[in-house]
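Residue numbers (the numbering used here): 13 to 458. Here is the structure we will look at, set down as structure tokens.
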Ligand SMILES: Cc1cc2nc3c(=O)[nH]c(=O)nc-3n(C[C@H](O)[C@H](O)[C@H](O)COP(=O)(O)OP(=O)(O)OC[C@H]3O[C@@H](n4cnc5c(N)ncnc54)[C@H](O)[C@@H]3O)c2cc1C
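Okay, structure coming up:
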């Protein structure tokens, strides 16, 4: 951790003198670390509010990110809020809802018709998606610095408060200090930034692991998100275990399908499973005409963790706010993380704008305490329900009963989709919405 007392680098100072933009000297109102969906959304909303924002990203766009590339109506809502019209370009592949495969059944459930959310989802590779979002933040006025790796927080020696970050540009040995009164850590699951400030993961929260790859496939234009509820693991004794999680097949529309699976840590098989082999075993059993065979595979099978149910807290600490995976914001019920990273980015931006408009330190700090509170109010009860859900399906018997007896009931499945995808009207709505909202309100916040 570097102390903030050191002056900006000489290169930066020269740049400031010549250009007049303090950000070129590494000074801003807010520094956002990580230009994934969470960071770019935060930077966009902050810049829209007129704040000086620097967005630091260690990679260069366009770049691959391990993901299912599936976007529910929750995510679509956020995309639209960034001023992007996904109906204007067919590269945003639209879908009608979820097709569920399990218990020998095949069930299609449309996304619900709601005032709050659009009634369609999307598929777009993260190669394009993250690039588009970062450019949108730039268009709004954020200064994006790619190939810049943040090394840790810069701290005020006297107060211990975060007053910036230290970073290094690719190919350079020079450590640069970027300064701002507030820093947003949107640097993903590992969150070097949060960890170096001593904000660690909670072990009592659900965690997932997911792997995926692409295949050229005749199914690439499927306009439903398909999920397979039965993932079987072979046991050494010849038997097999039903795992808590699901496999997915998402048509990208560009000749390929994104195919993968995610497993929760609530089963005894977690951590002891070869997930890549599990994916191969599952695909060995699907119809060969779909083309999910090694000859059609595009790229490696790659995997990453899914940090869920607020597994890193506090979400605000000494001048730093956590957004997205860094704060463990993946929905435990369905493994969706993009919408939540983007929503948290907007919530963080709202709080920051209010805080920076206050002149007294004490008032400024008071405004910032709203961020973890708002997160708990909005998602806390829902994530607690999610924790109960993942615990239940961690029991293979319950998982088996749920697939066998749940799937034949379309009304029950519509309810389940609303619950697991967190798609209800926030107020009012139908009986299902009201029941789900009541459950999440009654549950203690995660
Ligand atoms: C296999 C798999 C499938 C998934 N499928 C889906 C899905 O279909 N739909 C869905 O909604 N979610 C899915 N998720 C979850 C989703 O990918 C994440 O929740 C989402 O990417 C979180 O966004 P984020 O902005 O918080 O973090 P990230 O997307 O991880 O972005 C973090 C950014 O920070 C940058 N960064 C990291 N460290 C530094 C540093 N030190 N300095 C500078 N920059 C840094 C990274 O390069 C990256 O660009 C999936 C996850 C996995 C692993």
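Think of the CB as a built atom: it goes at the ideal place given N, C-alpha and C, for glycine as much as any other residue. Here the structure is a predicted model, which is why all the values come from computation and not from measurement.
What is the DSSP secondary structure of residue i, counted as helix, strand or coil?
i: residue 312; result: strand
i: residue 39; result: strand
i: residue 50; result: helix
i: residue 74; result: coil
i: residue 441; result: coil
i: residue 261; result: strand
i: residue 416; result: helix
i: residue 505; result: The question about residue 505 has no answer here: the residues shown for the chain are numbered 13 through 458.
i: residue 332; result: strand
i: residue 14; result: Per-residue confidence for residue 14 stands at a pLDDT of 42, beneath the threshold of 50, marking its modelled position as unreliable; the derived number appears in the next sentence. The answer is strand: DSSP assigns residue 14 an E or B state.
i: residue 178; result: strand
i: residue 325; result: coil
i: residue 425; result: helix
i: residue 240; result: strand
i: residue 305; result: coil
i: residue 84; result: coil
i: residue 282; result: coil
i: residue 320; result: strand
i: residue 450; result: helix
i: residue 63; result: coil
i: residue 290; result: helix
Quick check: what's the CA-CA separation for residue i versus residue j?
i: residue 150; j: residue 358; result: 16 Å
i: residue 86; j: residue 249; result: 43 Å
i: residue 390; j: residue 300; result: 44 Å
i: residue 429; j: residue 121; result: 8 Å
i: residue 71; j: residue 84; result: 26 Å
i: residue 237; j: residue 218; result: 24 Å
i: residue 33; j: residue 81; result: 36 Å
i: residue 75; j: residue 340; result: 23 Å
i: residue 289; j: residue 210; result: 36 Å
i: residue 456; j: residue 388; result: 9 Å
i: residue 271; j: residue 296; result: 13 Å
i: residue 30; j: residue 158; result: Its pLDDT being 45, under 50, residue 30 is placed unreliably by the model, and the measurement read from it follows with that caveat. When rounded, the distance between both Cα atoms is 21 Å.
i: residue 343; j: residue 379; result: 26 Å
i: residue 415; j: residue 56; result: 41 Å
i: residue 117; j: residue 355; result: 34 Å
i: residue 187; j: residue 373; result: 29 Å
i: residue 413; j: residue 281; result: 19 Å
i: residue 449; j: residue 436; result: 8 Å
i: residue 240; j: residue 291; result: 12 Å
i: residue 110; j: residue 399; result: 22 Å
i: residue 180; j: residue 330; result: 23 Å
Measure the Cβ-Cβ separation of residue i and residue j and say whether it is below 8 Å.
i: residue 405; j: residue 256; result: yes
i: residue 191; j: residue 38; result: yes
i: residue 438; j: residue 128; result: yes
i: residue 134; j: residue 106; result: yes
i: residue 196; j: residue 397; result: no
i: residue 294; j: residue 243; result: yes
i: residue 45; j: residue 63; result: no
i: residue 273; j: residue 259; result: yes
i: residue 11; j: residue 162; result: Because the chain here runs from 13 to 458, residue 11 falls outside it and cannot be looked at.
i: residue 54; j: residue 198; result: yes
i: residue 148; j: residue 96; result: yes
i: residue 312; j: residue 207; result: no
i: residue 222; j: residue 189; result: no
i: residue 103; j: residue 143; result: no
i: residue 146; j: residue 61; result: no
i: residue 203; j: residue 229; result: no
i: residue 304; j: residue 310; result: no
i: residue 419; j: residue 48; result: no
With a cut-off of 8 Å, does the C-beta of residue i fall near any C-beta of chain D?
i: residue 400; result: Looking for chain D here will not work: only one protein chain is present.
* **Segments of 3+ residues assigned as beta strand (DSSP E) that fall wholly inside the region 116–153** => 117–122, 133–135
* Enumerated in chain order, which unbroken segments of the beta strand (DSSP E) with a length of 3 residues or greater are wholly contained in the region 184–223? -> 188–191, 194–197
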